[in-house]
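Residue numbers (my numbering): 112 to 442. For glycine and all other residues, C-beta sits at the position ideal for the given N, C-alpha and C. Remember, predicted model here, so these are calculated numbers, not experimental data. So the structure is just underneath, and the comments pick up after that.
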């Protein structure tokens, strides 16, 4: 019997699990890419069409890198693809690249490092990773869950988490395995089975009741068709909404939500408690709302100082999307 000698695995280079010649598919770059907003949409357009005008190289690079980051590409792949894009699609609009290509390539490396590090620090996930971890809901499914919850907020909270998690995994026919730890995290050890049975009684899902020793995942099937991501509720941050405080205010106004609960014969006191919890908490913690107000304020302050500035000039000066300026400049 022969044993292998000791070997220090720390000496091995890190090899990311990505094809050496990775490149986005033609479908990704040319097809209808679902819901696209802001920088991600701008980045996809730039990848296809190249630089649009002189003096836009830096802002265009940010958007191209952001798009590749949103697709969960490794940093090295993003650097390489962005450098290739700059080389082939500068469209003679970049004097810096024509005169100093090596400097621009280094800037691409620095920008990519900064963008990836920034999102790591803020615990922001790329699209595919976010969808796998958090899932997504549509307006129609959210309304169905509100009715099915019968005005019981803990059950609604659990349902929003569970059905969002199931949506990207649901083909309409398959049984989806959900680990007990997730179910407990969304509710409690005492209540999660009760909440699953509630939605089962409402005709929204069925659960595998068979017990297997040492098996902690629950097999759950949705009694509805495939939920398309094209109709997913999206935030300004260009990611699917998740959780009670993000989702409900995107589907209901406070008046409409109160009206829905009133139709369920809930007391006014209970209705007010739910309204306060959902909307007050949302205003206090959801960054997209703060960001929205701050963006509007920045745009209006800039236009007050520079009344002759065009919307495009305003967008470039404030480093935000043109569509955002168009939306808020009129208010």
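{"Item": "Residue 418, DSSP secondary structure in three states", "Value": "coil"}
{"Item": "Cutoff 6 Å; reference residue 439; Cβ partners in own chain excluding five residues on either side", "Value": "407 and 410"}
{"Item": "Same chain only: Cβ atoms within 6 Å of residue 193, ignoring 5 sequence neighbours per side", "Value": "175, 176 and 219"}
{"Item": "Residue 273 to residue 366 span [Cα, whole Å]", "Value": "26 Å"}
{"Item": "Cβ-based burial, residue 295 [other Cβ within 10 Å; buried from 16]", "Value": "exposed"}
{"Item": "Where residue 189 falls, given that 16 or more other Cβ within 10 Å makes a residue buried", "Value": "buried"}
{"Item": "Own chain, CB closer than 7 Å to residue 432, minus 5 neighbours either side, in chain order", "Value": "149, 150, 153 and 426"}
{"Item": "Per-residue burial, residue 402 [other beta carbons within 10 Å of its own, 16 or more giving buried]", "Value": "Residue placement at residue 402 is flagged as unreliable, the pLDDT there being 42, under the threshold of 50; the coordinate-derived value follows with that caveat. Looking at its Cβ environment, which holds fewer than 16 other Cβ atoms inside 10 Å, residue 402 is exposed."}
{"Item": "Collapsed DSSP secondary structure at residue 299 in the structure displayed", "Value": "coil"}
{"Item": "The stretch 158–174 contacting the stretch 415–422, beta-carbon criterion three pairs below 8 Å", "Value": "no"}
{"Item": "Residue 268 to residue 375 span [Cα, whole Å]", "Value": "17 Å"}
{"Item": "Whether residue 271 touches residue 331 by CB criterion (9 Å)", "Value": "no"}
{"Item": "Local conformation of residue 317 per DSSP, three classes", "Value": "strand"}
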